[in-house]
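K.L.:
In this note's numbering, the protein residues as written are 1 to 215.
For each residue, glycine too, the CB sits at the ideal point set by N, CA and C.
These figures come from a predicted structure and were not determined experimentally.
(1) Which residue marks the beginning of the alpha helix (DSSP H) containing residue 46, and which one marks its end?
(2) On the three-state DSSP scale, how would you describe residue 209?
(3) Return the first residue and the last residue of the alpha helix (DSSP H) that residue 127 is part of.
(4) Does the pairing of the region 152-165 with the region 122-139 give three or more beta-carbon distances under 8 Å?
(5) Could you check the C-alpha separation between residue 166 and residue 146 for me, to the nearest Å?
(6) Around the Cβ of residue 183, are there at least 16 other Cβ atoms within 10 angstroms (buried) or fewer (exposed)?
(7) For the candidate residues 190, 56, 120, whose alpha-carbon lies nearest to that of residue 46?
(8) Measure the Cβ-Cβ separation of residue 86 and residue 57 and say whether it is below 9 Å.
(9) Where does residue 179 sit, in a helix, a strand or coil, going by DSSP?
(10) Tell me the rounded alpha-carbon separation between residue 20 and residue 54.
(11) Three-state secondary structure (DSSP) at residue 106?
(12) Measure the alpha-carbon distance for residue 38 versus residue 163 and round it to whole angstroms.
(13) Under three-state DSSP, which class holds residue 19?
(14) For the alpha helix (DSSP H) holding residue 78, just list the boundary residues, first then last.
(15) Going by the CB atoms, is the gap between residue 30 and residue 59 shorter than 9 Å?
(16) Quick check: the Cα distance between residue 67 and residue 78, rounded to an integer number of angstroms?
(17) Between which two residues does the alpha helix (DSSP H) containing residue 160 stretch?
Now the structure itself:
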(Lines of atoms letter the chains of each structure in order from A and count residues from 1; the text may use other names and numbers.)
(Lines give C-alpha, C1' and ligand atoms only; values in the text may rest on other atoms or scores of the structure.)
Protein backbone atom coordinates (compact mmCIF):
# COMPACT_ATOMS: atom_id res chain seq x y z
CA UNK A 1 0.00 0.00 0.00
CA UNK A 2 1.23 3.48 -0.81
CA UNK A 3 0.91 5.81 2.14
CA UNK A 4 0.41 9.57 2.00
CA UNK A 5 1.54 12.09 4.56
CA UNK A 6 -1.90 12.32 6.10
CA UNK A 7 -1.73 8.71 7.28
CA UNK A 8 -0.60 7.53 10.68
CA UNK A 9 3.16 7.89 11.16
CA UNK A 10 5.25 4.85 10.28
CA UNK A 11 7.86 3.83 12.84
CA UNK A 12 10.56 4.00 10.16
CA UNK A 13 9.63 7.54 9.18
CA UNK A 14 10.38 10.71 11.15
CA UNK A 15 7.40 13.06 11.47
CA UNK A 16 8.49 15.04 14.50
CA UNK A 17 10.91 14.69 17.38
CA UNK A 18 10.20 14.27 21.09
CA UNK A 19 12.25 16.81 23.00
CA UNK A 20 11.91 18.99 26.06
CA UNK A 21 14.00 21.68 24.38
CA UNK A 22 12.53 24.51 22.31
CA UNK A 23 13.89 23.23 19.01
CA UNK A 24 12.18 23.45 15.62
CA UNK A 25 13.20 22.31 12.14
CA UNK A 26 12.07 24.49 9.25
CA UNK A 27 12.11 22.68 5.91
CA UNK A 28 11.70 23.82 2.31
CA UNK A 29 10.73 21.52 -0.57
CA UNK A 30 11.18 21.65 -4.35
CA UNK A 31 13.91 24.28 -4.71
CA UNK A 32 16.11 26.01 -5.33
CA UNK A 33 14.17 28.97 -6.70
CA UNK A 34 16.40 31.68 -8.24
CA UNK A 35 14.21 34.55 -7.00
CA UNK A 36 12.87 33.41 -3.63
CA UNK A 37 15.50 31.03 -2.23
CA UNK A 38 18.01 33.90 -1.87
CA UNK A 39 15.39 35.94 0.00
CA UNK A 40 14.70 32.99 2.29
CA UNK A 41 18.41 32.53 2.93
CA UNK A 42 18.76 36.23 3.77
CA UNK A 43 15.94 35.97 6.32
CA UNK A 44 17.37 32.82 7.87
CA UNK A 45 20.75 34.49 8.25
CA UNK A 46 19.20 37.59 9.80
CA UNK A 47 17.53 35.45 12.47
CA UNK A 48 20.45 33.05 12.98
CA UNK A 49 18.19 30.22 11.86
CA UNK A 50 19.27 26.96 10.25
CA UNK A 51 16.95 25.08 7.89
CA UNK A 52 16.81 21.95 5.76
CA UNK A 53 16.29 22.27 2.01
CA UNK A 54 14.78 19.21 0.30
CA UNK A 55 16.01 19.96 -3.20
CA UNK A 56 15.19 18.53 -6.61
CA UNK A 57 18.18 17.23 -8.52
CA UNK A 58 17.14 18.96 -11.73
CA UNK A 59 16.94 22.32 -9.97
CA UNK A 60 20.32 21.87 -8.32
CA UNK A 61 21.68 21.37 -11.83
CA UNK A 62 19.96 24.58 -12.92
CA UNK A 63 20.99 26.67 -9.90
CA UNK A 64 24.15 25.14 -8.42
CA UNK A 65 25.29 28.38 -6.80
CA UNK A 66 22.18 28.40 -4.60
CA UNK A 67 22.78 24.85 -3.42
CA UNK A 68 26.36 25.79 -2.60
CA UNK A 69 25.16 28.86 -0.71
CA UNK A 70 22.72 26.74 1.32
CA UNK A 71 25.54 24.47 2.44
CA UNK A 72 28.05 27.28 3.00
CA UNK A 73 25.61 29.10 5.29
CA UNK A 74 25.20 26.07 7.52
CA UNK A 75 21.91 24.69 6.26
CA UNK A 76 21.22 21.05 5.51
CA UNK A 77 20.68 20.01 1.92
CA UNK A 78 18.47 16.94 1.54
CA UNK A 79 17.11 14.74 -1.24
CA UNK A 80 13.64 15.21 -2.77
CA UNK A 81 14.26 13.16 -5.97
CA UNK A 82 15.29 14.48 -9.36
CA UNK A 83 11.94 15.38 -10.91
CA UNK A 84 9.31 15.17 -8.13
CA UNK A 85 7.52 12.03 -9.32
CA UNK A 86 4.93 10.66 -6.88
CA UNK A 87 5.45 7.06 -5.79
CA UNK A 88 1.81 6.33 -6.62
CA UNK A 89 2.67 7.08 -10.27
CA UNK A 90 6.00 5.26 -10.59
CA UNK A 91 7.45 2.02 -9.14
CA UNK A 92 9.80 2.37 -6.15
CA UNK A 93 12.70 1.09 -8.27
CA UNK A 94 12.29 4.10 -10.57
CA UNK A 95 12.13 6.45 -7.62
CA UNK A 96 15.27 5.04 -6.04
CA UNK A 97 17.07 5.63 -9.36
CA UNK A 98 16.05 9.28 -9.13
CA UNK A 99 17.13 9.43 -5.50
CA UNK A 100 20.57 8.04 -6.31
CA UNK A 101 20.91 10.34 -9.31
CA UNK A 102 20.10 13.29 -7.07
CA UNK A 103 22.57 12.12 -4.42
CA UNK A 104 25.30 12.21 -7.07
CA UNK A 105 24.24 15.63 -8.35
CA UNK A 106 24.17 17.17 -4.89
CA UNK A 107 27.57 15.70 -4.02
CA UNK A 108 29.11 16.85 -7.30
CA UNK A 109 27.85 20.41 -6.73
CA UNK A 110 28.26 20.82 -2.95
CA UNK A 111 30.67 18.06 -1.91
CA UNK A 112 28.04 17.13 0.68
CA UNK A 113 26.24 13.77 0.64
CA UNK A 114 22.66 14.03 1.92
CA UNK A 115 21.56 11.66 4.68
CA UNK A 116 17.91 12.68 4.63
CA UNK A 117 15.15 12.07 2.06
CA UNK A 118 11.57 13.26 1.74
CA UNK A 119 9.29 11.54 -0.82
CA UNK A 120 7.38 13.88 -3.15
CA UNK A 121 3.82 14.40 -2.00
CA UNK A 122 4.59 12.40 1.13
CA UNK A 123 3.90 9.09 -0.62
CA UNK A 124 5.86 6.05 0.48
CA UNK A 125 5.47 2.30 0.95
CA UNK A 126 7.42 -0.56 2.49
CA UNK A 127 9.38 -1.19 -0.70
CA UNK A 128 10.59 2.40 -0.84
CA UNK A 129 11.49 2.37 2.84
CA UNK A 130 13.53 -0.79 2.33
CA UNK A 131 15.42 0.78 -0.58
CA UNK A 132 16.11 4.05 1.23
CA UNK A 133 17.18 2.05 4.27
CA UNK A 134 19.69 0.15 2.16
CA UNK A 135 21.05 3.51 1.01
CA UNK A 136 21.21 4.68 4.65
CA UNK A 137 18.80 7.54 4.05
CA UNK A 138 16.52 8.72 6.85
CA UNK A 139 13.00 9.38 5.56
CA UNK A 140 11.68 12.61 7.05
CA UNK A 141 8.16 13.94 6.63
CA UNK A 142 6.69 16.86 8.61
CA UNK A 143 4.50 17.45 11.62
CA UNK A 144 1.01 16.86 10.21
CA UNK A 145 -0.35 20.08 11.75
CA UNK A 146 2.61 22.09 10.42
CA UNK A 147 1.90 21.73 6.71
CA UNK A 148 1.62 25.38 5.69
CA UNK A 149 0.26 24.50 2.24
CA UNK A 150 2.08 27.62 1.10
CA UNK A 151 2.29 26.21 -2.42
CA UNK A 152 -1.45 26.92 -2.70
CA UNK A 153 -0.78 30.58 -1.86
CA UNK A 154 -3.51 30.68 0.83
CA UNK A 155 -2.47 34.14 2.03
CA UNK A 156 0.29 35.33 4.31
CA UNK A 157 -1.96 35.47 7.38
CA UNK A 158 -3.07 31.85 6.86
CA UNK A 159 0.51 30.61 6.59
CA UNK A 160 1.53 32.53 9.70
CA UNK A 161 -1.48 31.28 11.65
CA UNK A 162 -0.86 27.64 10.69
CA UNK A 163 2.62 27.78 12.17
CA UNK A 164 2.16 29.99 15.21
CA UNK A 165 -1.12 28.53 16.43
CA UNK A 166 0.20 24.95 16.46
CA UNK A 167 3.85 25.20 17.42
CA UNK A 168 5.40 22.57 19.70
CA UNK A 169 8.90 21.52 20.67
CA UNK A 170 10.37 19.19 18.05
CA UNK A 171 8.10 20.28 15.21
CA UNK A 172 9.15 19.84 11.58
CA UNK A 173 7.53 22.64 9.57
CA UNK A 174 6.86 22.33 5.84
CA UNK A 175 7.39 25.26 3.47
CA UNK A 176 8.24 25.36 -0.23
CA UNK A 177 10.69 27.28 -2.40
CA UNK A 178 9.31 25.71 -5.53
CA UNK A 179 9.30 27.04 -9.07
CA UNK A 180 6.82 29.90 -9.22
CA UNK A 181 5.62 32.62 -6.87
CA UNK A 182 6.81 32.04 -3.30
CA UNK A 183 6.33 35.64 -2.17
CA UNK A 184 3.73 34.65 0.44
CA UNK A 185 6.19 32.22 1.99
CA UNK A 186 8.84 34.92 2.22
CA UNK A 187 6.45 37.44 3.76
CA UNK A 188 5.15 34.85 6.23
CA UNK A 189 8.70 34.05 7.32
CA UNK A 190 9.25 37.74 8.06
CA UNK A 191 6.65 37.34 10.81
CA UNK A 192 7.20 33.72 11.85
CA UNK A 193 10.95 33.81 12.44
CA UNK A 194 11.04 36.79 14.84
CA UNK A 195 7.93 35.67 16.71
CA UNK A 196 9.20 32.14 17.33
CA UNK A 197 12.54 33.64 18.28
CA UNK A 198 10.79 35.79 20.88
CA UNK A 199 9.13 32.64 22.20
CA UNK A 200 12.56 31.13 22.74
CA UNK A 201 12.65 28.64 19.88
CA UNK A 202 15.90 27.68 18.19
CA UNK A 203 15.84 26.76 14.50
CA UNK A 204 17.96 23.71 13.69
CA UNK A 205 18.43 21.32 10.80
CA UNK A 206 16.44 18.10 10.64
CA UNK A 207 19.52 15.99 11.29
CA UNK A 208 20.43 18.12 14.31
CA UNK A 209 16.87 17.86 15.61
CA UNK A 210 16.88 14.06 15.30
CA UNK A 211 20.27 13.84 17.02
CA UNK A 212 18.90 15.78 19.97
CA UNK A 213 15.85 13.59 20.48
CA UNK A 214 14.92 13.13 24.12
CA UNK A 215 16.06 9.64 25.08
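P.N.:
On the basis of the supplied data:
(1) 36-46
(2) helix
(3) 126-134
(4) no
(5) 7 Å
(6) exposed
(7) 190
(8) no
(9) coil
(10) 26 Å
(11) helix
(12) 22 Å
(13) coil
(14) Where residue 78 is concerned, there is no enclosing alpha helix (DSSP H), although the beta strand (DSSP E) it sits in stretches over 76-79.
(15) yes
(16) 10 Å
(17) 156-164
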